[in-house]
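Asks: For the record, the sequence lines run as chains A and B.
For the first sequence, the positions run 1 to 348 when this note's numbering is used.
For the second sequence, the positions run 1001 to 1111 when this note's numbering is used.
Quick reminder that beta carbons are idealized off the backbone N, C-alpha and C, glycines included.
To start, I am sharing the structure in question, which I have written as structure tokens.
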Amino acid sequence: MKTLNAETHELSRPDVQLDIINNHNEKIKSLSRFENKLADIGLFPLKPTGIEIFQMNVGYMCNMTCKHCHVDAGPDREEIMTKETFEHCLKALRESDIETVDLTGGAPEMNPHFRWFVEQASAMGKHIIVRSNLTILTTNKFSDLPEFFKKHDVEVTCSLPFYSKSRTDRQRGKGTYDKSVVALKRLNEIGYGKADTGLKLNLVYNPVGAFLPGDQEEIKQEFKKELKRSHDIEFNDLFTITNLPISRFLNFLLMSGNLEDYMEKLVGSFNPSAAMGVMCRNTISIGWDGILYDCDFNQMLEMETHQDSVQHIKDFDLGSLNNREIKVNQHCFGCTAGSGSSCGGATT
Amino acid sequence: MDKSYYVKEDLKKFGDITEFQEKLGNKFFEYYGEVFEEGALTKREKALIALAVSHTVQCPYCIDAYTTESLENGASEEQMMEAVHVSAAIRGGSSLVHGVQMMNKVKDLSM
């Protein structure tokens, strides 16, 4: 499967995506506006609570092409963070008290400077999270990464949309589930996900279709039971993440005729408590080219940080960023629906 | 206007039944909401029971609603189909167990 970008598909363009989720037809146009919902509860303009998470998207290259990917990542993507931009990130981290560095992609491991950066950030005492697709850990070039992660006490947060093979492979491609099991077993073997090792192994659950995630704790318990029973796999936490209506998932919604109902469901499930806890209030997202965003989703829609704030990592200024106005649009309903959604799972 | 008896959009209007009888409608929805909260049974287990009953009562609205609810609460396709088979088994069984009544009557009437 090719990326939308490689196909020069119109949905690879952020302006087209934003137009669809705002103006696709009369029904979509009639939906409440996200900024109005925030205003109703006194949250507009949305402001940070203080940056705690430094989330770096180190490139859109990936060994997989998942059907729901909001990044439109894949083997044909060439956007990749340079060492110079990594250096800017290290400088920003050195000069701030942000403790958590969250590495995402694409497959972040595929960036040639990935290991060097982890070593540097680890030496600074930062808590490092890597968002792994798991299958990359089963390839020859990257098969030693579990030990590398262990050495640097990296928290591994990985994608596994369901505990069954059929549903996982439908979203992430044939053979993904079996490879994911191999990678999880390897991580378990060296202590990840095991009690008392301190090596954290988390799973990310994305609904495989046009529906919302249910109760995070209940789904976590079901995954624990099923993965233990079928593969003797253990893990620490599970994060439920709602699919936002952008990029490839937006393409799926359009192709399957689910766009209107899904948007209506997101808007109708707006939860003020979830809005209070949206991740953009405590996260800054750094793009592969150093441009700053309020979150990884805004990054894909090329909605850079507010012009009154700093907009590039080389100009990093925590005070300025902590006082910025966060940019919102209709896709943000994905983070405020039901129990809420963030890179750390439900927010209520 | 759609002339079919079952219109998908009507499911979203379920709450409107209070328009003709507010007090009873509100009491029903309060009860309904509480029934599906997690209790001795999980939300997923309740969704699967509701899915099976939806097939028994052959309610298209309920089937749509509790298929979605089962998916959202992490049920697998196998679990959902097993729930439908439970419905089918009880339906079939309820016909067949009456076969005993038929047999009793046959024996009563026969030489």
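#1: Taking beta-carbon pairs under 9 Å, can you tell me which members of the stretch 1030-1045 of chain B lie near chain A?
#2: Going by the DSSP bridge assignment, what does A/R131 pair with across the sheet?
#3: Does A/P48 come within less than 9 Å of chain B when only Cβ atoms are used?
#4: At what residues does the beta strand (DSSP E) containing A/L201 begin and finish?
#5: Mind checking whether A/L31 and A/V267 have CB atoms under 9 Å apart?
#6: What is the C-beta distance between A/P75 and A/R324, in whole angstroms, given that I count them as a contact (C-beta under 8 Å)?
#7: For a quick check, are the C-beta atoms of A/L238 and A/K220 less than 9 Å apart?
#8: Please tell me whether B/E1072 has its Cβ less than 9 Å away from any Cβ of chain A.
#9: Is there a Cβ of chain A sitting closer than 9 Å to that of B/E1019, yes or no?
#10: Quick check: is the beta carbon of A/Y349 nearer than 9 Å to any beta carbon in chain B?
#11: For the 8 Å Cβ check, are there 3 or more pairs between the stretch 205-212 of chain A and the stretch 256-265 of chain A?
#12: Name the one or two DSSP bridge partners that A/D102 has.
#13: Taking three-plus beta-carbon pairs below 8 Å as touching, is the stretch 82-91 of chain A in contact with the stretch 1021-1033 of chain B?
#14: Which bits of chain B does A/P213 rub up against, with CB to CB less than 7 Å?
#15: For the stretch 48-68 of chain A and the stretch 104-111 of chain A, state whether three or more C-beta atom pairs, one from each stretch, are separated by less than 8 Å.
#16: How big is the Cα-Cα spacing for A/L292 and B/E1069?
#17: Which residues does DSSP pair with B/I1049 in a beta bridge?
#18: Listing by chain order, which chain A residues have their CB less than 8 Å from the CB of B/T1068?
#19: From the DSSP secondary-structure annotation, give me the bridge partner or partners of A/F270.
#20: Does the Cβ of B/F1020 have 16 or more other Cβ atoms within 10 Å, making it buried, or fewer, making it exposed?
#21: Using a Cβ-Cβ cut-off of 8 Å (strictly less than) and excluding sequence neighbours within five positions of A/N271, which residues of its own chain qualify?
#22: Can you tell me whether B/A1083 is buried or exposed? The criterion is at least 16 other CB atoms within 10 Å of its CB, across all chains shown.
#23: Any C-beta of chain A sitting closer than 9 Å to the C-beta of B/S1054?
#24: Quick one, which residues of the stretch 237-251 of chain A are near chain B if we go by CB-CB under 8 Å, in chain order?
#25: Against A/I219, what residues of chain B qualify as contacts under a CB-to-CB distance less than 7 Å, listed in chain order?
Replies: So, from the listed chains and residues:
#1: E1038, T1042, K1043 and R1044
#2: Start at 1 with the first residue of the first sequence, and residue 131 of chain A comes out as number 131. A/T157.
#3: Indexing the first sequence from 1 puts residue 48 of chain A at position 48. Not one chain B Cβ lies under 9 Å of A/P48.
#4: Counted from its first residue, the first sequence places residue 201 of chain A at position 201. Segment L201 to Y205, the beta strand (DSSP E) holding A/L201.
#5: Stepping through the first sequence from its first residue, residue 31 of chain A is reached at position 31. Stepping through the first sequence from its first residue, residue 267 of chain A is reached at position 267. For A/L31 and A/V267, yes; Cβs fall inside 9 Å.
#6: Translated into positions along the first sequence, residue 75 of chain A becomes position 75. Translated into positions along the first sequence, residue 324 of chain A becomes position 324. By a beta-carbon distance limit of 8 Å, A/P75 does not contact A/R324. Their separation comes to about 35 Å.
#7: As a first step, residue 238 of chain A must be located in the first sequence, where it is residue number 238. As a first step, residue 220 of chain A must be located in the first sequence, where it is residue number 220. For A/L238 and A/K220, yes; Cβs fall inside 9 Å.
#8: Position 72 of the second sequence, counted from the start, is the residue given in the question as residue 1072 of chain B. For B/E1072, the answer is yes, since a Cβ of chain A falls inside 9 Å of its Cβ.
#9: Working through the second sequence from its first residue, we reach residue 1019 of chain B at position 19. At a cut-off of 9 Å between beta-carbon atoms, B/E1019 makes no contact with chain A.
#10: The structure shown does not extend to residue 349 of chain A, since chain A is modelled only from 1 to 348, so the question has no answer here.
#11: yes
#12: Numbered from its first residue, the first sequence carries residue 102 of chain A at position 102. For A/D102, which the question treats as bridged, DSSP gives the partners A/Q55 and A/I129.
#13: Verdict: no, contact absent.
#14: The sequence position of residue 213 of chain A within the first sequence is 213, counting from 1. Residues of chain B passing the Cβ test: E1072.
#15: yes
#16: In the first sequence, counting from the first residue as 1, residue 292 of chain A sits at position 292. In the second sequence, counting from the first residue as 1, residue 1069 of chain B sits at position 69. About 38 Å.
#17: Counting from 1 along the second sequence, the entry for residue 1049 of chain B is found at position 49. According to DSSP, B/I1049 bridges with nothing at all.
#18: As a position in the second sequence, residue 1068 of chain B is number 68, starting the count at 1. Within chain A, the residues near B/T1068 are F211.
#19: For the purposes of this step, residue 270 of chain A is taken as the residue at position 270 of the first sequence. Partner(s): A/A337.
#20: Looking up residue 1020 of chain B in the second sequence gives position 20. Exposed: under 16 other Cβ atoms inside 10 Å.
#21: For this step, residue 271 of chain A is matched to residue 271 along the first sequence. Excluding residues within five positions, the ones whose Cβ falls inside 8 Å are T336, A337, G338, S339, G340 and T348.
#22: Start at 1 with the first residue of the second sequence, and residue 1083 of chain B comes out as number 83. Classification for B/A1083: buried.
#23: Working through the second sequence from its first residue, we reach residue 1054 of chain B at position 54. Not one chain A Cβ lies under 9 Å of B/S1054.
#24: none
#25: Along the first sequence, one-based indexing puts residue 219 of chain A at 219. Going along chain B in sequence order, the residues near A/I219 (Cβ under 7 Å) are G1074.
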